Amino acid sequence: MVVGKLTDEEVDRLFQALADATRRDILHRCVRSERSVSRLADVYPMSFAAVQKHVAVLERAGLVVKERRGREQLVRTDASAVGRARRVLDELETAWRGRVERMGDLLAQAPQPEETEPSTGHGG
Amino acid sequence: MSVIRVEKHFETLSLILVAEFEAPIERVWELWADPRQLERWWGPPTHPATVEKHALVAGGEVTYIMTGPEGDTSRGWWRVTSVDAPALLEFTDGWANQDGTPNAEMPTTAVRMRLTEHDRGTRMELGFVFESSEHWEMLERWGAFEVFPQSVGQMDALLAANSETRTIS
């Protein structure tokens, strides 16, 4: 549960970047192969400049890498950044898998009241 | 029988975990609602938890201390947002400083726990969203879980190239 691998600032930047549906969509489109900003701009009902701005936010958060090739700006999702975000979730998953396992163990024990009697009392 | 499904959505920093127990719903609810039972599963065996405050009502607070093998302690808190026994519990989980005040430097996690009767047992659905201190308002809290579920496989393929991933059946 400790998110030691990302600083708060990094998490904040990640959040800002991921808080917008268009930016999340850009991330997905650029996972498999790089896309040019102009091709991305064709997809969304917004200006080229607006798409460029979204890409810049993603770039600052380290989620995409931008590369100029000729007249095109190519955008690609940064796998290591995605992996970093995923590691935060992996830690959370590990912590809660342990908790669920312990819950299961407790439930498997005979439902006998311990010293302090829980409210599900049998009369008598 | 425990965890049956895990979904991770990196783009919303959210996680869903579904577990099933062969126990009645009231019994599973007690694991959360009874502080003495809560402290038997909250901390790992190396860091057992002691629950101090336990006000399981909307606006209420739960506080706990986890003690490590060296006697080192870490404190945490929940701020309860919604309770509907024995079906629903929502809270924000965060870390505290040694004096018990919330540690604003650590991100908090919003947790939604839902229980439903399932077959002859109970299904527990846990949803988590990481919240950073300043930007959590920007995410639609639970709407986050509905975003792009179809693309998870695609992401996993990418991550598989980068690091090992597990397949959860």
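If you read the protein sequences in the order shown, they are chains A and B. The first sequence begins at 1 in this note's numbering and counts up by one. The second sequence begins at 1001 in this note's numbering and counts up by one. All C-beta atoms in this analysis are idealised placements derived from N, C-alpha and C, irrespective of residue type, glycine included. It should be emphasised that the depicted structure is a prediction, and the values quoted were computed from it without experimental measurement.
CB contact check: residue i to chain A, cutoff 9 Å
i	result
residue 1091 of chain B	no
residue 1056 of chain B	no
residue 1022 of chain B	yes
Neighbour flag for residue i against chain B, beta carbons, 9 Å
i	result
residue 15 of chain A	yes
residue 100 of chain A	yes
residue 40 of chain A	no
residue 117 of chain A	Its pLDDT being 48, under 50, residue 117 of chain A is placed unreliably by the model, and the measurement read from it follows with that caveat. No, no contact with chain B.
residue 89 of chain A	yes
residue 74 of chain A	no
Cα-Cα separation between residue i and residue j, rounded to whole angstroms
i	j	result
residue 88 of chain A	residue 105 of chain A	26 Å
residue 1085 of chain B	residue 1112 of chain B	13 Å
residue 28 of chain A	residue 1101 of chain B	39 Å
residue 1075 of chain B	residue 1049 of chain B	9 Å
residue 1091 of chain B	residue 38 of chain A	43 Å
residue 1083 of chain B	residue 1028 of chain B	15 Å
residue 69 of chain A	residue 30 of chain A	16 Å
residue 36 of chain A	residue 23 of chain A	15 Å
residue 1130 of chain B	residue 1065 of chain B	21 Å
residue 76 of chain A	residue 53 of chain A	15 Å
residue 128 of chain A	residue 71 of chain A	Because chain A is modelled from 1 through 124, residue 128 of chain A falls outside the range shown and cannot be assessed.
residue 1038 of chain B	residue 46 of chain A	50 Å
Close-in-space but distant-in-sequence residues of the same chain around residue i (CB under 8 Å, 5 per side omitted)
i	result
residue 60 of chain A	13 and 17
residue 1005 of chain B	1016, 1017, 1018 and 1168
residue 1109 of chain B	1092, 1093, 1094, 1128, 1129, 1130 and 1131
residue 1120 of chain B	1022
residue 20 of chain A	54 and 57
In DSSP terms, what residue i is bridged to
i	result
residue 1084 of chain B	B:1088
residue 22 of chain A	Residue 22 of chain A pairs with nothing; no bridge assigned.
residue 1078 of chain B	B:1062 and B:1093
residue 1053 of chain B	Its beta-bridge partners do not exist; DSSP assigns none.
Residues of its chain near residue i, where Cβ-Cβ distance is below 6 Å and the 5 sequence neighbours each way are ignored
i	result
residue 129 of chain A	With chain A covering only 1 through 124, there is no way to say anything about residue 129 of chain A.
Same chain, Cβ closer than 7 Å to residue i, five either side skipped, listed in chain order
i	result
residue 1053 of chain B	1061, 1062 and 1063
residue 1046 of chain B	1068 and 1069
Can you check the region 1010 to 1044 of chain B for any beta strand (DSSP E) of at least 3 residues that lies completely inside it and give the ranges in chain order?
With a minimum length of 3 residues, the continuous beta strand (DSSP E) runs that stay inside the region 1010 to 1044 of chain B are 1014 to 1021.
Extract the residue ranges of the beta strand (DSSP E) inside the region 12 to 98 of chain A, only unbroken runs of 3 or more that lie entirely within it.
The region 12 to 98 of chain A contains these whole beta strand (DSSP E) runs: 64 to 69 and 72 to 77.
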